[in-house]
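K.L.:
Chains as they are written, first to last, in the UniProt record's numbering: chain L, 1 to 289; chain G, 1 to 205.
1. Whose C-beta lies closer than 6 Å to the C-beta of residue 13 (chain L) among residues of the same chain, with five residues either side of it excluded?
2. Mapping DSSP to helix, strand and coil, what is residue 13 (chain G)?
3. Which same chain residues end up closer than 8 Å to residue 234 (chain L) when comparing Cβ atoms and leaving out the 5 residues on each side of it in sequence?
4. Taking all protein chains shown into account, decide if residue 79 (chain G) is buried (16 or more other Cβ within 10 angstroms of its Cβ) or exposed.
5. Just by C-beta distance, which residues in the region 231-248 of chain L are closer than 9 Å to chain B?
6. In the region 29-51 of chain G, which residues sit with their C-beta less than 7 Å from some C-beta in chain L, listed in chain order?
7. Which one of G:12, G:23, G:114 and G:54 has the shortest CA to CA distance from residue 68 (chain G)?
8. Let me check understanding here. Comparing Cα to Cα, which of L:262, L:282 and L:10 lies closest to residue 271 (chain L)?
9. Helix or strand or just coil, what does DSSP make of residue 181 (chain G)?
10. Mind checking who residue 42 (chain G) pairs with in its DSSP beta bridge?
11. Rounded to a whole number of angstroms, what is the C-alpha to C-alpha distance between residue 96 (chain L) and residue 77 (chain L)?
12. Can you list the beta strand (DSSP E) stretches of 3 or more residues lying completely in the region 51-101 of chain G, in chain order?
13. Along the chain, where does the alpha helix (DSSP H) that runs through residue 196 (chain L) open and close?
14. Is the Cβ of residue 26 (chain L) closer than 8 Å to any Cβ of chain G?
15. In the structure shown, what three-state DSSP assignment does residue 135 (chain G) receive?
16. According to a CB-to-CB cut-off of less than 7 Å, which residues of the region 174-197 of chain L neighbour chain G?
17. Could you check if residue 1 (chain L) is buried or exposed, using at least 16 other CB atoms within 10 Å of its CB as the buried criterion?
18. Using 8 Å for Cβ pairs, my map puts residue 161 (chain L) next to residue 69 (chain L). What's the rounded Cβ distance?
19. Could you check whether the Cβ of residue 1 (chain L) sits closer than 8 Å to any Cβ belonging to chain G?
20. Quick check for students: name the residue ranges of the beta strand (DSSP E) that lie wholly in the region 143-198 of chain G, counting only runs of 3 or more.
21. Which bits of chain L does residue 114 (chain G) rub up against, with CB to CB less than 9 Å?
22. So, for residue 125 (chain L): in the same chain, excluding its five sequence neighbours on each side, which residues have a beta-carbon less than 8 Å away from its beta-carbon?
23. Just how far apart, CA to CA, sit residue 25 (chain G) and residue 118 (chain L)?
24. Using a Cβ distance threshold of 8 Å, determine whether the region 173-190 of chain G contacts the region 149-163 of chain G, with at least three qualifying pairs required.
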């Protein structure tokens, strides 16, 4: 085996390989997938000198530990966490030199949910439909990391960035999500639409890469039954029969039969990746652009 | 035809029937191939086509409203034949819904001309239409936790084939060895929207 690889020493609660996803195949039932906090993934790639399409690791709450077989530059961003190399603390949010055989430990988050780990050369697992992303809905792409797994690395392409620490947004204490109503807001009572855009919801612990589930008031339907299945978009706020809105994230199903009351502005979606269960959520209706 | 804006840059185009949705989908693919439409995703469904990733949604909506889309798509597409063993565990239940003898289910199902109306649920899972409405069946009251790959199944007006083992609530009438999804193949899905399908009964394992 080539020495451009790293061994997973501690996989963590849920660590997946992610890049910019595989858009363009929704008509075949293929979710777009890709990093939930896309700006964080792009930033850590930039810090280690990778192109924006390079694959990174996305951790969930408990981090991961990796032992590269060759000397690499890494950067950890997204949710803040302690980072060590062979037990010595190193910078979070900055390029870090990791010698061959050293242990990189990405610790549990101190805020937020998902940290991103870029390694110079990128994670070079075999792409599926043009992407290396793990898709947890359909099982495309590499499986989530397990202890002992060996991940291939690509060739380093550029020098790492010359910065000490790159600024990154703090994980949100409250999610204020701008939404445009529709396409199926007429499936709800006027009162339900008012409740949706004025009451506080909370992030449910049942949230995942498929959708951010909410707890709070149930939204009342103006009509019963299901829609004939229709195409779904990233950020769609679907309301299942229990009346609790679900915001679709990158592993969302491509078609669905529950009505979409509104769609979250694309620019507001990265914050959802970092919202811990219990975080207050408010949906604010804005005019269509 | 009705156009509904969706989020920042998507448009849901709603039509009156599955036939119209198929024709609209074919027309939108034709426009994209000719460079007349720039969309990241064109997703057909039961009564709609979703256009996602539009640079100029308002212009696309106006063009669609002003243009004629044929009510039916041309039928000159390839036909995929699917060999099926009609040995599913829900044959008796489906026969009871249809009011026919159990062995009649295979004959009726294999006599229909199907088309892939749309995909969803899983990569390569096609929603096939073609049975007359009197053969609609409900989903199972309790979904199975694991439906084997290759299961041929019915729900509502649709026939589907499970590309891989997954939970599912459809009524299972048969099994096929055909590979529905292979990401090293182009296209990866055997059943793409618009494809014609015939089921061919075979016996034995």
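Ideal placement from N, C-alpha and C gives every residue a C-beta, glycine not left out.
All values reported here derive from a predicted model rather than from experimental measurement.
P.N.:
Looking at the atomic coordinates:
1. 60, 61 and 62
2. strand
3. 32, 248, 249, 250, 252, 266 and 269
4. exposed
5. The chain inventory of the structure shown lacks chain B, comprising the protein chains L and G.
6. 40, 41, 42, 43, 44, 45, 46, 47, 48 and 50
7. G:23
8. L:282
9. Correct three-state label for residue 181 (chain G): strand.
10. G:51
11. 12 Å
12. For the region 51-101 of chain G, whole beta strand (DSSP E) runs of length 3 or above, ordered along the chain, are 79-84.
13. 190-198
14. yes
15. helix
16. 180, 182 and 183
17. At residue 1 (chain L) the pLDDT is 47, less than 50, meaning the model places this residue with poor confidence; the figure from the coordinates comes in the next sentence. Exposed, by the Cβ-count rule.
18. Incorrect: roughly 24 Å between the Cβ atoms, too far for contact.
19. At residue 1 (chain L), the pLDDT of 47 sits below 50, so the modelled position is not reliable; the number obtained from the coordinates is stated separately. No, residue 1 (chain L) lies away from the interface with chain G (no Cβ there is under 8 Å from its Cβ).
20. The region 143-198 of chain G contains these whole beta strand (DSSP E) runs: 144-147, 151-155, 158-161, 166-168 and 171-175.
21. Ordered by position in chain L, no residue passes the 9 Å Cβ test against residue 114 (chain G), which lies about 17 Å from the chain.
22. Closer than 8 Å at the Cβ level, and outside the excluded window around residue 125 (chain L), lie 17, 55, 132, 141, 142, 151 and 152.
23. 40 Å
24. Yes, since at least three Cβ pairs between the region 173-190 of chain G and the region 149-163 of chain G fall closer than 8 Å, the two stretches touch.
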